[in-house]
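**Student:** Everything in the sequence shown is counted per the working numbering, starting at 2 for the first residue and increasing by one.
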Amino acid sequence: MKNKKNKKPVSRQIRWDKLDNTAHLFPSIAGESMTNVFRISVTLKEEIKREFLQKALDMVLPKFDGFNVRLRTGVFWYYFEENGKKAPRVTEENMFPCRFIRQNKNRSYLFRVTYYKTRINLEVFHVLTDGMGAINFLRELTYQYLRLVHPELAKQTGDNLSVDTSLSREDSFVRNYKRSRPSGFIREKAYLIHEDRLPAGEFGVMHGRMPVTQLKKVAHDYGASLNEYFVAVFVWSVYQELLHGMPGKRPIRVAVPVNLRPYFDSDTTKNFFVMVSAEFCPRKESYTFEEVLALIKESLHSQINKEHLEDLFSYSVSNQRNKFLRPVPLFIKKIAMRVVYTKSAVANTTTITNIGNIKIDELYQSHVDGFSAFIAMSKGQDIKGTICSYQDTLVFTFSSILSEPLVQKAFFRKIAADGVDVEIETNGVYYE
């Protein structure tokens, strides 16, 4: 009888992945004061049970390669490496949102999950994904949580991912870029809001909940889309409250992220968006809201088309693929990216991003009350706006480190004056 040889354990190669074109910037500029973290929350119709939420995260995370990673520093570029640790620990929210995510204090992960009463919060370092990719993950986390709390739901679906959930990790920037494109980026300095700030570390959040049907009617009456209407109302609020309806030397400019997936037939869960800018320069003595809106519409219409969007990201991709830049060490690239970012960051007064309408599988709809989202501050932008909707409720959320909510109040007053019912909720920083 032959002796059985001791078999050596089979070694498994650790999975790694490149960052998408946009993601290369975020690790180079991120820190405590500019975290590049955004939040998407789902509110359920019942109190959250921490142990079930933790178990749901433990079950869902291994199915998402795009979240199950750590960030590594290479010689020439950052890269992702598979993270073999346990999922991050789910905690009850007890601090201000969108704090910097330190990998060494978060089991090397680049996202966190917290909860508060009936709300589940997913906070993501932008290097991982954009709003669409985060919704993709949060939906599945929510479904799995509900199946654990309500076992009768699991009988109908098992623990499988929804058929609408994408696991694609394609770099759609690279797949769709065209050579020899001009940059199209704006570098002229915009009007920046220099008002008193909250104490260091504080972060103000103000949600405005509004009926979608009422908003659509108002926007239609103005001959505008919802996006155009909201951007114009923000610009109008700054113009009235801070410029007092007077001419200004610099334009009020709003950065508007555009989701590129519908334009280029992509379902990637990596970042796939570009920024366009809506601009209003108050040259004459006075403007009506309708005049401001017309200028905003014209500004956005001229930029939001497939050809121009392609120009914007193709320029960035061509720089990344430049054979002379590729061998440049990462520490030099980081310095260059920070310089370029610093110049471009002050080209916008604020950012208003629209995540869109969030859909939930019918099986779970009776358990879900709504969604909200917001983004962290960046250089020169101490106030930002985020839009998302669920069923007939739209939530416009202001995130801000300004001590007085002057712009926020003017914004919601204008919308209410246009005939929309607005319900305001804050995180306690603003009590008015």
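C-beta atoms are modelled at their ideal positions from N, C-alpha and C, and glycine is treated no differently. Computed from a prediction, not measured in an experiment: that's the story for all the values here.
Distance check for Glu424 and Ala411, CA to CA, integer angstroms please.
**Tutor:** Distance between the alpha carbons of Ala411 and Glu424: 14 Å.
**Student:** Which residues bound the alpha helix (DSSP H) around Trp78?
**Tutor:** First-last for Trp78: undefined, no H or E at that position.
**Student:** Is there contact here, the stretch 114-133 with the stretch 12-31, by at least three beta-carbon pairs under 8 Å?
**Tutor:** Yes, the stretch 114-133 is in contact with the stretch 12-31.
**Student:** If you follow the alpha helix (DSSP H) that Val150 is part of, which residue opens it and which one closes it?
**Tutor:** That run of the alpha helix (DSSP H) goes 132-150.
**Student:** Taking the beta strand (DSSP E) that Val236 falls in, what are its first and last residues?
**Tutor:** Premise fails: Val236 lies in the alpha helix (DSSP H), 227-242, not in any beta strand (DSSP E).
**Student:** Under three-state DSSP, which class holds Pro200?
**Tutor:** Here Pro200 sits in coil by DSSP.
**Student:** From this set, Gly159, Ile253, Arg100, Arg108, which residue's C-alpha is nearest Ala279's C-alpha?
**Tutor:** Of the listed residues, the one whose Cα sits closest to Ala279 is Ile253.
**Student:** Taking DSSP as the reference, what is the three-state secondary structure of Lys106?
**Tutor:** It is helical.
**Student:** From Glu291 to Tyr230, what distance separates their C-alpha atoms?
**Tutor:** Each residue's alpha carbon lies about 10 Å from the other.
**Student:** List, from N- to C-terminal side, the alpha helix (DSSP H) runs of 4 residues or more that fit wholly inside the stretch 304-343.
**Tutor:** Counting whole runs of 4 or more residues, the stretch 304-343 contains the alpha helix (DSSP H) stretches 307-322.
**Student:** Could you give the residue range of the alpha helix (DSSP H) that holds Asn69?
**Tutor:** Where Asn69 is concerned, there is no enclosing alpha helix (DSSP H), given that its DSSP letter is neither H nor E.
**Student:** By Cβ distance below 8 Å, which residues in the same chain neighbour Tyr342 in space, the five residues on each side in sequence not counted?
**Tutor:** Contacts found: Leu26, Ser29, Ile30, Lys380.
**Student:** Does the stretch 150-160 come into contact with the stretch 248-262, if we say contact requires no fewer than three beta-carbon pairs (one atom in each stretch) closer than 8 Å?
**Tutor:** Touching, no, given that fewer than three Cβ pairs across the two stretches are closer than 8 Å.
**Student:** His221: buried (16+ other C-beta within 10 angstroms of its C-beta) or exposed?
**Tutor:** When all chains shown are included, His221 counts as exposed.
**Student:** When you compare only the Cα positions, how much space is there between Val236 and Ser169?
**Tutor:** Cα-Cα distance, rounded: 37 Å.
**Student:** Taking the straight line between their C-alpha atoms, what separation do you get for Val114 and Leu162?
**Tutor:** So the two alpha carbons sit approximately 19 Å from each other.
**Student:** Select from Leu62, Lys56, Val150, Phe68 the residue whose C-alpha is nearest the C-alpha of Glu47.
**Tutor:** Out of Leu62, Lys56, Val150, Phe68, Val150 has the C-alpha closest to the C-alpha of Glu47.
**Student:** Could you have a look at Met207 and say whether DSSP puts it in helix, strand or coil?
**Tutor:** Three-state DSSP puts Met207 in a strand.
**Student:** When you compare the CB positions of Gly357 and Thr270, do they come within less than 8 Å of one another, or not?
**Tutor:** No, they are not a contact pair.
**Student:** Could you give the distance in angstroms between the alpha-carbon of Arg103 and the alpha-carbon of Val421?
**Tutor:** Between Arg103 and Val421, the C-alpha separation is close to 41 Å.
**Student:** Strictly by DSSP, which residues pair up with Tyr116?
**Tutor:** Paired residues: Glu93, Ile121.
**Student:** Could you tell me the distance, in whole angstroms, from the CA atom of Ala191 to the CA atom of Met207?
**Tutor:** C-alpha separation (whole angstroms): 24 Å.
**Student:** Looking at the unbroken alpha helix (DSSP H) that takes in Tyr264, where does it start and where does it end?
**Tutor:** That run of the alpha helix (DSSP H) goes 262-265.
**Student:** If the criterion is Cβ atoms closer than 8 Å, does the pair Ile388 and Leu403 meet it?
**Tutor:** No, these two residues do not count as a Cβ contact at 8 Å.
**Student:** Considering just the uninterrupted stretch of the beta strand (DSSP E) at Glu424, what are its terminal residues?
**Tutor:** Start and end: 424-427.
**Student:** Got a sec? Which residues, its chain only, sit under 8 Å from Glu141 by beta carbon, not counting five neighbours each side?
**Tutor:** Excluding sequence neighbours, Glu141 sits near Val61, Lys64, Phe65, Leu162, Ser163, Thr166.
**Student:** So does the stretch 332-349 actually touch the stretch 209-224, counting three or more Cβ pairs closer than 8 Å?
**Tutor:** No: fewer than three Cβ pairs fall under 8 Å.
**Student:** Ends of the beta strand (DSSP E) at Glu280?
**Tutor:** Note, Glu280: beta strand (DSSP E), 274-281.
**Student:** The beta strand (DSSP E) with Ser401 in it runs from where to where?
**Tutor:** Its beta strand (DSSP E) spans residues 394-401.
**Student:** Starting from Asp370, follow the beta strand (DSSP E) in both directions and report where the run begins and ends.
**Tutor:** Counting along the chain, the beta strand (DSSP E) containing Asp370 begins and ends at 369-376.
**Student:** Count the other CB atoms within 10 Å of the CB of Ser367; is the residue buried (16 or more) or exposed (fewer)?
**Tutor:** Ser367 is exposed by the Cβ-count criterion.
**Student:** Would you kindly check if the distance between the Cβ of Glu33 and the Cβ of Phe101 is under 8 Å?
**Tutor:** A contact, by the Cβ cut-off of 8 Å.
**Student:** Which partner residues does Phe174 have in the DSSP bridge list?
**Tutor:** Answer is none; Phe174 lacks a bridge partner.
**Student:** Leu261 and Val275 - do their beta-carbons sit closer together than 8 Å?
**Tutor:** Yes, the pair counts as a contact, with Cβ atoms nearer than the cut-off.
**Student:** Given that a residue counts as buried once 16 or more other Cβ atoms are within 10 Å of its Cβ, and exposed if not, what is Glu426?
**Tutor:** Exposed, by the Cβ-count rule.
**Student:** Can you say whether Asp312 is buried or exposed, counting buried as having 16 or more other CB atoms within 10 angstroms of its CB?
**Tutor:** The residue is buried, with at least 16 neighbouring Cβ atoms inside 10 Å.
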